[in-house]
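First the structure, in the form of structure tokens, and then the observations on it.
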Amino acid sequence: MKKKIKLIIKNSDRQINNRESLISVSRGYAINYLIPQKKAKLPTKKQIQHLKMFERIRKTKEAKNERQVSLLQQKIEFIHKISLYRKIGKNNLIFGSISEKDIMEWINRNTSIEKEKIQIQITNAKKTGIINGTIETRNDIVHKIQINIIPINI
1 MKKKIKLIIK
11 NSDRQINNRE
21 SLISVSRGYA
31 INYLIPQKKA
41 KLPTKKQIQH
51 LKMFERIRKT
61 KEAKNERQVS
71 LLQQKIEFIH
81 KISLYRKIGK
91 NNLIFGSISE
101 KDIMEWINRN
111 TSIEKEKIQI
121 QITNAKKTGI
131 INGTIETRND
141 IVHKIQINII
151 PINI
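For the sequence shown, the positions run 1 to 154 when UniProt numbering is used.
Now the structure itself:
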């Protein structure tokens with residue numbers, strides 16, 4: 001008699017991403033707890049093949065996503081300075097303010113990065129001059145940038 005049996009566990013609390021996964025547990029734990037509580041079920045050969053197919057698909061998607069993130073990081077590393085032109089009023093105050101949307105438009109216009117999930121954080125930009133900002137990619141890698149606000153109507 002086998003000491004461990006394979007089960008398909010449903011709605012795992014520990015692994016939120018995996019809806020169903022194949023696990024190997026002791027026979028008593030499976031028969032006395034998991035199966036009566038309907039937290040797991042005995043798999044058939046077809047169900048095991050089905051889960052393995054989904055696992056292969058998930059791994060290929062993760063590999064593709066990692067390649068995209070590494071390409072995005074390489075492109076962002078080339079951005080050191082961003083120059084934005086604005087009209088100014090009294091005391092070198094610009095009309096309006098510089099927002100993350102303005103910086104994203106500059107990035108889309110001057111690089112080949114489009115519609116990527118990056119977060120841009122800047123301080124309140126109301127005056128001309130140099131301000132610092134950060135660009136954060138999907139893997140929580142932070143890249144510092146320098147934003148030059150240049151007046152147009154001098």
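Heads up, the beta-carbon is just placed ideally off N, CA and C, and yes, glycines get one too. Predicted model, so just to flag it, every value in this text is computed and none were measured.
With the rule of 3 Cβ pairs closer than 8 Å, the segment 116-124 counts as touching the segment 87-100. Ile35 carries a coil assignment under DSSP once its states are collapsed to helix, strand and coil.
Contact check for Lys10 and Glu20: beta-carbon distance about 6 Å, within the 8 Å limit, so the pair qualifies. Straight-line measurement puts the Cα of Leu7 at about 8 Å from the Cα of Ala30. Per DSSP, Lys2 lies in no beta strand (DSSP E) and is assigned neither H nor E. Remark: C-beta atoms of Asn153 and Lys90 do not approach each other more closely than 8 Å. In the DSSP assignment, Lys59 falls outside any beta strand (DSSP E) and lies within the alpha helix (DSSP H) extending over 45-77. DSSP places Asn110 in the uninterrupted alpha helix (DSSP H) bounded by 100-110. With contacts defined by Cβ atoms closer than 8 Å, Ile107 and Thr128 do not form a contacting pair. Ile82 is bridged by DSSP to Ile147.
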